[in-house]
């Protein structure tokens, strides 16, 4: 009779750990679910603002050229449409870009304040660290296309300095790591997104040149074009780091188009004329663009399911359209103007398509398994740790 008493005690003690584990798991999952949308946010989402701000700059450039009296410009259908569009259309587009960029900047700031470890992990990530240039590039593009601030005003100078200084600071850190740290050698970490650092310098150089800071523009351009040559050769050789890019992120290969296009625009602003060097850079970007669109199989796996990496397409296309607009301004011919028309319309259509697709797939904007960056949010063993 005494041996029958411990048996119910053993049966009653076994459910207690299971119930406690289930309750603790349920309570632990609640804060993780509430924090996950913000903690899964990373600098790669600034691809959206890059595309919209570049579109605003493109429409301002084309609108300023709409009053051209050349025969090719008068027969250009795009400029005919721009001449009949109200000025409020551009202001709405610029305001949309400003709202998007401000929202993304606020979200990124909140994420850094609530979870500083995520920013440190992004600095150590081979892809994430390169997109830390994207917010400042977006602000510089928006500043160049601003309908309210003209170059030369004190406010414009202050904003230009505030948006360019972080790019130089990131240059010192990243470029220094490329040739001083063994684990961060360029041959180890190089991938197509590494060109974001080059694009940042070139966009800042163009903004400085348009504001009259020619010496600063030459300084930034020399940093960008020197490292672009080294990076271009490194990526062409397909060394150790360039094969680590996940298939989902393959749209970033179009950054090969954006870098020479922005170099073309920057040198045009520095010299004040679209000379032979600018034409060479434009033709290089045009050739790379043709090479990429002739290889759709490269992007087949990345297009199976919507991902925010799709926003890597519009910005390079818009940069190429901007350089083609400058080329058509100098080369007054039918071929140059039709090339500008095709590239501009293509960039606008791709941007509009992605706006619609993103609006219809808002749940896919924050995937749980994002290959972009590791998220050390909690100490639990459930989430992905690295790519």
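Residue numbers (the working numbering): 902 to 1288.
No residue lacks a Cβ here, since even glycine has one placed at the ideal position from N, Cα and C.
- Here the alpha carbon of residue 1185 sits roughly 43 angstroms from the alpha carbon of residue 1015.
- Apart from the 5 residues on each side of it in sequence, residue 1162 sits with its Cβ closer than 6 angstroms to the Cβ of 1186, 1220, 1221 and 1224 in its chain, given in chain order.
- In the displayed model, residue 964 falls within a helix according to three-state DSSP.
- Taking a contact as a CB-CB distance under 8 angstroms, the pair residue 948 and residue 1160 does not count as one, their CB atoms being some 15 angstroms apart.
- Secondary structure note for residue 1202: it is in no alpha helix (DSSP H), with a DSSP letter that is neither H nor E.
- Contact between the stretch 1112-1121 and the stretch 1057-1076 is present: three or more C-beta pairs spanning the two stretches fall below 8 angstroms.
- The three-state reading of DSSP puts residue 1048 in coil, since its state is none of H, G, I, E or B.
- Under the three-state reduction of DSSP output, residue 1114 falls in the coil class, being neither helix nor strand.
- Take the alpha-carbon of residue 1043 and the one of residue 1170: they are about 17 angstroms apart.
- In the three-state scheme derived from DSSP, where H, G and I count as helix and E and B as strand, residue 1054 is classed as coil.
- Per DSSP, reduced to three states, the secondary structure at residue 1195 is coil, with no helix or strand assignment.
- Taking the Cα positions, residue 1136 is about 12 angstroms away from residue 1156.
- Residue 1151: not part of any alpha helix (DSSP H); DSSP gives it neither H nor E.
- Where residue 1228 is concerned, the enclosing alpha helix (DSSP H) starts and stops at 1215-1231.
- For residue 1243, the three-state secondary structure derived from DSSP is helix.
- Residue 1090: member of the alpha helix (DSSP H) spanning 1087-1090, first to last residue.
- Bounds of the alpha helix (DSSP H) holding residue 1021 are 1017-1024.
- In the three-state DSSP reduction, residue 1267 falls in the coil class, being neither helix nor strand.
- Between residue 950 and residue 1039 the beta-carbon gap is near 4 angstroms, inside 8 angstroms, which marks them as a contact.
- Residue environment analysis places residue 990 among the exposed positions, since fewer than 16 neighbouring C-beta atoms fall within 10 angstroms of its C-beta.
- Taking 8 angstroms as the cut-off, the Cβ atoms of residue 1029 and residue 1209 do not count as close.
- In the three-state DSSP reduction, residue 1001 falls in the helix class (H, G or I).
- Less than 8 angstroms divides the Cβ of residue 1180 from the Cβ of residue 1228.
- In this structure, 1105 is the residue among 955, 1019, 1105 and 1165 with its C-alpha nearest to the C-alpha of residue 1067.
- Below 8 angstroms, too few C-beta pairs join the stretch 1114-1127 and the stretch 1001-1017 to call them touching: fewer than three.
- Taking every protein chain shown into account, the CB of residue 1081 has fewer than 16 other CB atoms within 10 angstroms, so this residue is exposed.
- Counting of Cβ neighbours within 10 angstroms places residue 1072 among the buried residues, the total reaching 16 or more.
- Per DSSP, reduced to three states, the secondary structure at residue 1062 is helical.
- By the criterion of a C-beta distance shorter than 7 angstroms, residue 1031 is surrounded in its chain by 1094, 1095, 1097 and 1098, once the five residues flanking it on both sides are discounted.
- Separation of the CB atoms of residue 1166 and residue 1107 is rounded to 5 angstroms, and the pair is thereby assigned contact status at 8 angstroms.
- Apart from sequence neighbours up to five positions away, the residues of its chain that approach residue 1065 with a beta-carbon distance below 6 angstroms are 1105, ordered along the chain.
- Note on geometry: alpha-carbon atoms of residue 1052 and residue 958 lie some 14 angstroms from one another.
- DSSP places residue 1262 in the coil class of the three-state scheme, outside both helix and strand.
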